[in-house]
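Numbering (the numbering used here), first residue to last: 408 to 484.
Shown next, in structure tokens, is the structure this report addresses.
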Amino acid sequence: MPLIWLLVVGVAVGFLATRILRVDLDTPSTIALGVLGALIGGLVLRGLVMMAGAGAGFVGALAGALLLIWAWKTWIK
Numbered sequence: 408m409p410l411i412w413l414l415v416v417g418v419a420v421g422f423l424a425t426r427i428l429r430v431d432l433d434t435p436s437t438i439a440l441g442v443l444g445a446l447i448g449g450l451v452l453r454g455l456v457m458m459a460g461a462g463a464g465f466v467g468a469l470a471g472a473l474l475l476i477w478a479w480k481t482w483i484k
């Protein structure tokens with residue numbers, strides 16, 4: 408169940424991150440960036456999730472997706 412939740416949050420976060428950073432990506436890339444960002448943010452902020460609850464997990468996933476998109480825009484394009 409946590410994997411499914413991570414995928415759902417990743418899709419939502421990918422969409423939000425691409426809109427916040429004004430990146431025009433196709434749907435599979437948006438989903439992939441969101442899921443990877445959720446993985447990165449989830450792993451980095453796992454301790455915060457334990458202390459503050461699921462809201463911190465969403466914030467961490469969004470931060471991870473934003474960081475990943477920023478890095479992609481900076482170094483790949």
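Each residue gets a CB set at the ideal place from its N, CA and C atoms; glycine is no exception.
Because the structure is a prediction, the values reported are computed rather than measured.
- Bounds of any alpha helix (DSSP H) do not take in ARG429, whose DSSP letter is neither H nor E.
- One thing to note: ILE427 has its Cβ within 8 Å of the Cβ of LEU473.
- For LEU443, the enclosing alpha helix (DSSP H) starts and ends at 434 to 451.
- DSSP places ILE483 in the coil class of the three-state scheme, outside both helix and strand.
- Residues of the same chain with a CB within less than 8 Å of the CB of ILE476, apart from the 5 flanking positions on each side, are ALA424, THR425, LEU428, VAL430, LEU440 and GLY444 in chain order.
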